[in-house]
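A.B. asks: Just so we're on the same page, this note's numbering is the position in the sequence shown counted from 1, plus 841. A virtual CB, placed ideally from N, CA and C, is assigned to each residue, including glycine. Computed from a prediction, not measured in an experiment: that's the story for all the values here.
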Amino acid sequence: MAMPLSPDALARFSEALVSEIKAEMGRRDLSSRALGRLVGRSSQYMSDRLDGGNSRTGRRVTLTVTDLAAIAAVFDLHPAELVRRAKAAVDGVDRAQVLELAAHDSADPIATEQEAPDTP
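1) Quick one: using the 10 Å Cβ neighbour count with 16 as the cut-off for buried, is L876 buried or exposed?
2) Between G881, N895, D849, which lies nearest to R907 when the distance is taken from Cα to Cα?
3) Roughly how far, in whole angstroms, is the beta-carbon of R926 from the beta-carbon of E861, given that I think they are within contact range, below 8 Å?
4) Suppose you measure from the CA of N895 to the CA of K928; what does that come to, to the nearest Å?
5) Check P841 in the structure and name its three-state DSSP category.
6) Assuming S873 is part of the alpha helix (DSSP H), what are its boundary residues?
7) Is it buried or exposed, D849, if we count other Cβ atoms within 10 angstroms and call 16 or more buried?
8) By a C-beta neighbour count over all protein chains shown, 10 Å radius and 16 as the cutoff for buried, is S888 buried or exposed?
9) Helix or strand or just coil, what does DSSP make of R868?
10) Report the residue from I912, R874, Q885 whose alpha carbon sits nearest the alpha carbon of L923.
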């Protein structure tokens with residue numbers, strides 16, 4: 842069973858998740874305002890979650906599972922893919938390696954794959 846995350850680890854993961862979303866926005870040339878329109882939210886709503894945070898408190902508002910699912914849908918990704926990328930960033934896995942794994946189409950056989958030998 843996995844141990845619960847410490848508040849510090851949870852904050853690092855949350856930052857990594859937001860960073861991954863912003864990186865994907867950059868790859869797709871989307872602003873927070875444009876992303877907000879695509880997920881049916883205001884630009885302020887998105888800014889509170891992805892940018893500097895709430896203008897009154899100065900704190901970033903935590904993304905909900907619903908937010909994550911809507912954002913992932915815009916990117917044509919499964920929400921778990923964004924979570925996996927964020928976890929890899931926190932764990933220190935090379936970003937290029939993560940993106941290479943994400944891009945691999947498992948429907949195509951890998952050249953070095955071999956069939957398991959028949960067993961009696």
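C.D. replies: Checking against the coordinates, here is how it stands:
1) As a first step, residue 876 is located in the sequence shown; it is residue number 35 there, counting from the start. It counts as buried.
2) Here residue 907 refers to the residue found at position 66 when the sequence shown is read from its first residue. Here residue 907 is Thr; the residue named in the question, Arg, does not match the sequence. Of the candidates G881, N895, D849, the one whose C-alpha sits nearest the C-alpha of T907 is G881.
3) The count along the sequence shown starts at 1 and reaches residue 926 at position 85. The count along the sequence shown starts at 1 and reaches residue 861 at position 20. The Cβ separation is near 5 Å, so the contact holds.
4) Mapped onto the sequence shown, residue 895 falls at position 54. Mapped onto the sequence shown, residue 928 falls at position 87. In a straight line, the C-alpha of N895 is about 25 Å away from that of K928.
5) Any property of residue 841 remains undetermined from this structure, which presents the chain solely from 842 to 961.
6) Here residue 873 corresponds to residue number 32 of the sequence shown, with the count starting at 1. 873-880 is the span of the alpha helix (DSSP H), which, as asked, contains S873.
7) Here residue 849 refers to the residue found at position 8 of the sequence shown. Burial call: exposed.
8) Along the sequence shown, one-based indexing puts residue 888 at 47. Its Cβ being crowded by 16 or more others within 10 Å, S888 is buried.
9) Here residue 868 refers to the residue found at position 27 of the sequence shown. R868: helix per DSSP, three-state reduction.
10) Indexing the sequence shown from 1 puts residue 923 at position 82. Closest by alpha carbon: I912.
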